[in-house]
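Below: the structure, in structure tokens.
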Amino acid sequence: MAAMAAPHCLLGFLLLAFLIVAASHQEHQESKNPAQRKLLQQPPAAAFPNPSLQAAYIALQAWKSRITGDPQGITATWIGLDVCRYRGVFCSPAPDDSCKEVVSGIDLNHGFLSGTLPEELGLLTYLALFHINTNLFCGTLPGSMATLLLLYELDVSNNRFSGPFPLVTLAMPSLAYLDLRYNGFSGELPGALFDKHLDALFVNNNQFAAQVPWNLGSSTVSVANFANNRFSGGIPPSIGNMRRTLNEIIFLGNRFDGCIPGEIGLLDQLNVFDVSYNSLGGGLPPSIAQMISLEQLDVAFNLLTGDVPAAICDLPNLENFTFAGNFFSGESPDCLALPSRGRIVDDRGNCIPNRPLQRPAQQCQAFLSQEPSCFPLPPKSFFPNPPLPCSPPPSTPPY
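Here it is, written out as structure tokens:
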């Protein structure tokens, strides 16, 4: 019961603090622009059904004042005291009081809105869903969002956010779905990210760098996408500890080196494993043959050598096996037979005798004469870029 009352108590404290600060600075603010003066002239509490909706009104009006572009006129509907009628805002009964209506969700996906996120968003203490993908928001996530104790889904993908990984997300105890992809976040991922009880993690298409923390295997995610960043070093062997939950993991388009850890063979629930477009070397671990749920295996465009293990091609659910652009020198009849069973195999650009579209013999000989190594290069430290200044949005959205 005490846990359920937490959002209500926290909301009271935050709302009181906000109103005290606003009142104490009202005279000073009179000289500021009309939008700021209007924000301070809040309707009385009696005008709202409950304090939560009053707090939501304050938060949403503060956000509206930070919007610099709204081509679809979404925030033009954010007028009046009934926030539940605002476009993109969703209300439902509070989890601790079914008779009380609260703002529980915000969905502004594909709105092409520009601007920044205000600290007042922390007043939305009953928020469970926050979706703003495919907009032009910039800056970073406000620290006040740490008060969103019920937030379950956070999707800020396809925006212009920048700076380091938003550590505020680590303070959200209910968070299960985190989507940061297609932004400009940079620096290293914190190890604490993999200690959170997440179900889905998307950090692809940013500027994250350095090594993926070695406690990767502590994560409970079913889906993880690290693609198209600047990660380097080896894939953590702890990945094998994710066997109970992991269904899909994607590392493509990074700078991973060393060898694929044999511990991936423990992932017998995994459907998709993609490490293409990296610098991984050595051979394919024979333990991959234990990944009985594997449907898509993509190791293309690395520096892999040796024979492709026949047992991998015998996996019962394998539909697509791509190992083009490596230096493999042997392929079993089991693999060659896959296309006749309706499966996709791509072995181009290797060093396999009697197969079409292979590398020139001289190139193969030069590379295969080197001693393969499974030791990744020493990791480097990467410092995040500061958040970029919010430049004016383009006249035409780039999506």
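Residues -24 to -1, 1 to 375, numbered by mature numbering (1 follows the signal peptide of the UniProt record, and there is no 0), are exactly what the sequence shown covers, in order. We put the CB at the ideal spot given by N, CA and C, even for glycine.
Helix, strand or coil at His4 [DSSP, three-state]: Indexing the sequence shown from 1 puts residue 4 at position 28. Any reading at His4 must be qualified, since the residue scores a pLDDT of 42, below 50, and its modelled position is unreliable; the value itself is stated next. Helix at His4.
Backbone secondary structure at Phe184 - three-state DSSP: Taking the first residue of the sequence shown as position 1, residue 184 is located at position 208. Strand, per DSSP.
Candidates Gly49, Gln48, Leu126 and Asn109, of which the one nearest Val79 by Cα: Taking the first residue of the sequence shown as position 1, residue 79 is located at position 103. The shortest Cα separation from Val79 among Gly49, Gln48, Leu126 and Asn109 belongs to Leu126.
Cβ contact check for the stretch 98 to 114 and the stretch 136 to 143: 3 or more pairs under 8 Å: yes
For Pro140, three-class secondary structure by DSSP: Translated into positions along the sequence shown, residue 140 becomes position 164. Looking at Pro140 - three-state DSSP - the assignment turns out to be strand.
Where Arg157 falls, given that 16 or more other Cβ within 10 Å makes a residue buried: Locating residue 157 in the sequence shown gives position 181, counting from the first residue. So Arg157 ends up on the buried side.
Check whether Asn191 and Phe207 have beta carbons under 7 Å apart: In the sequence shown, the residue the question calls residue 191 occupies position 215. In the sequence shown, the residue the question calls residue 207 occupies position 231. Not a contact, by the Cβ cut-off of 7 Å.
Residue range of the beta strand (DSSP E) that includes Pro309: Position 333 of the sequence shown, counted from the start, is the residue given in the question as residue 309. No beta strand (DSSP E) contains Pro309, which is instead part of the alpha helix (DSSP H) from Pro309 to Leu312.
Extent of the continuous alpha helix (DSSP H) to which Arg206 belongs: Residue numbering aside, residue 206 sits at position 230 when the sequence shown is read from its first letter. First-last for Arg206: Arg206 to Gly209, but that is the beta strand (DSSP E), not the alpha helix (DSSP H).
Residues near Ile34 by beta carbon distance below 7 Å, same chain, minus five either side: Residue mapping note: residue 34 aligns to position 58 of the sequence shown, counting from 1. If we look at Ile34 and ignore the five residues flanking it on each side, its Cβ neighbours are Phe(-7), Gln18, Glu96 and Leu99.
Own chain residues within Cβ distance below 7 Å of Leu169, not counting five before or after: Mapped onto the sequence shown, residue 169 falls at position 193. Result list for Leu169: Leu146, in chain order.
Simplified DSSP assignment, three categories, for Cys366: As a working mapping, residue 366 is identified with position 390 in the sequence shown. Three-state result, Cys366: coil.
Residue range of the alpha helix (DSSP H) that includes Tyr33: Within the sequence shown, the letter at position 57 stands for residue 33. From DSSP, the alpha helix (DSSP H) with Tyr33 extends over Pro27 to Arg42.
Simplified DSSP assignment, three categories, for Thr51: Here the question's residue 51 lines up with position 75 in the sequence shown. Residue state, collapsed to three classes: helix.
Beta-bridge partners of Tyr102, as assigned by DSSP: As a first step, residue 102 must be located in the sequence shown, where it is residue number 126. BP columns for Tyr102 are empty, so no partner.
Cβ distance (whole Å) where Phe277 is taken to contact Ser252 below 8 Å: As a position in the sequence shown, residue 277 is number 301, starting the count at 1. As a position in the sequence shown, residue 252 is number 276, starting the count at 1. Yes, they are in contact, since the Cβ atoms of Phe277 and Ser252 sit about 6 Å apart, within 8 Å.
Per DSSP, the bridge partner or partners of residue 381: Lying outside -24 to 375, the shown extent of the chain, residue 381 is not represented and no answer is given.
Contacts around Thr92, its chain only, beta-carbon distance under 7 Å, and the 5 residues preceding and following it disregarded: In the sequence shown, residue 92 corresponds to position 116, counting from 1. Cβ neighbours of Thr92 beyond the five flanking positions: Arg42, Phe113, Cys114, Gly115 and Cys366.
Chain-order list of residues whose beta-carbon lies under 6 Å from that of His173 (same chain, five-residue window excluded): Residue numbering aside, residue 173 sits at position 197 when the sequence shown is read from its first letter. If we look at His173 and ignore the five residues flanking it on each side, its Cβ neighbours are Thr196.
Three-state secondary structure (DSSP) of Cys350: For this step, residue 350 is matched to residue 374 along the sequence shown. Cys350: coil per DSSP, three-state reduction.
Residues bridged to Phe161 (per DSSP): Counting from 1 along the sequence shown, the entry for residue 161 is found at position 185. Phe161 is bridged to Gly139.
Per DSSP, cross-strand counterpart(s) of Ile225: Here residue 225 is taken as the residue at index 249 of the sequence shown, counted from 1. Beta-bridge pairing links Ile225 to Ala200 and Phe249.
Helix, strand or coil at Ala23 [DSSP, three-state]: Residue mapping note: residue 23 aligns to position 47 of the sequence shown, counting from 1. The answer is helix: DSSP assigns Ala23 an H, G or I state.
Gly87 beta carbon less than 7 Å from that of Ile50: What you label residue 50 is simply residue 74 of the sequence shown in a count that begins at 1. What you label residue 87 is simply residue 111 of the sequence shown in a count that begins at 1. Yes, they are a contact pair.
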